[in-house]
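Numbering (this note's numbering), first residue to last: 1 to 168. One structure is given here, and the rest of the page talks about it.
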């Protein structure tokens, strides 16, 4: 369970519920990764397991934390500014990004980062709309919502369809 925490508090955390034994353990990330910063960072936004890895999107700290799915031990941090949500297809993770800090007077257009799940490196980017959020994969396409809510004079109420073969 990913606990978001309050924006600006730098206290996102990861808990674990063992449904077989009915045991709930708080802050397993800090416990299992004493060499890392105790909390995950500022604003836990999305959490998914893919293969043998656990991926936690830490929005305002600007990174994707990658852990071993069985132990929650740190594997890597992937820097992506103001990242939001994850989707997976084949050997890639796709991560939406606001592309920088939210500024209603100078809102940047967002993008999707394509991440190789073997090397844990960003291998490509695709420009989308303002403040891209959730995504859903349909065949070889990725549909995502651009909410643009931080741009009150010009909300972005679009859906971007990305071809995963060409990333356009």
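For each residue, glycine too, the CB sits at the ideal point set by N, CA and C.
Original post:
Are at least three pairs of beta-carbons, each pair with one atom in the region 127 to 136 and one in the region 96 to 103, less than 8 Å apart?
Top reply: yes
Original post:
Could you give the C-beta distance for residue 150 and residue 127, rounded to a whole number, given that I count them as a contact under 8 Å?
Top reply: Residue mapping note: residue 150 aligns to position 150 of the chain shown, counting from 1. Residue mapping note: residue 127 aligns to position 127 of the chain shown, counting from 1. Residue 150 to residue 127, Cβ: 17 Å. No contact.
**OP:** Could you check how far apart the C-beta atoms of residue 57 and residue 85 are, in whole angstroms? I think they sit under 8 Å.
**Re:** Taking the chain shown and counting its residues from 1, the one referred to as residue 57 is at position 57. Taking the chain shown and counting its residues from 1, the one referred to as residue 85 is at position 85. Sure, about 7 Å apart at Cβ, within 8 Å.
Subject >> Reduced DSSP secondary structure (H/G/I, E/B, other) of residue 28 >> reply: For the purposes of this step, residue 28 is identified with residue 28 of the chain shown, where counting begins at 1. Helix.
Original post:
In chain order, what residues of the same chain have a beta carbon less than 7 Å from the beta carbon of residue 140, not counting five sequence neighbours either side?
Top reply: On the chain shown, position 140 is the one that residue 140 refers to. If we look at residue 140 and ignore the five residues flanking it on each side, its Cβ neighbours are 163, 164 and 165.
Original post:
Do three or more CB pairs link the region 60 to 67 to the region 39 to 47 at distances below 8 Å?
Top reply: yes
Subject >> Sub-8 Å separation of residue 91 and residue 75 beta-carbons >> reply: Indexing the chain shown from 1 puts residue 91 at position 91. Indexing the chain shown from 1 puts residue 75 at position 75. Their beta carbons are not under 8 Å apart, which means residue 91 does not touch residue 75 by this criterion.
Original post:
For residue 120 versus residue 66, is the C-beta spacing smaller than 8 Å?
Top reply: Locating residue 120 in the chain shown gives position 120, counting from the first residue. Locating residue 66 in the chain shown gives position 66, counting from the first residue. Yes, these two residues count as a Cβ contact at 8 Å.
Original post:
What separation, rounded to the nearest whole angstrom, lies between the Cα atoms of residue 170 and residue 44?
Top reply: Residue numbering for the chain in the displayed model covers 1 to 168; residue 170 lies beyond these limits and cannot be assessed.
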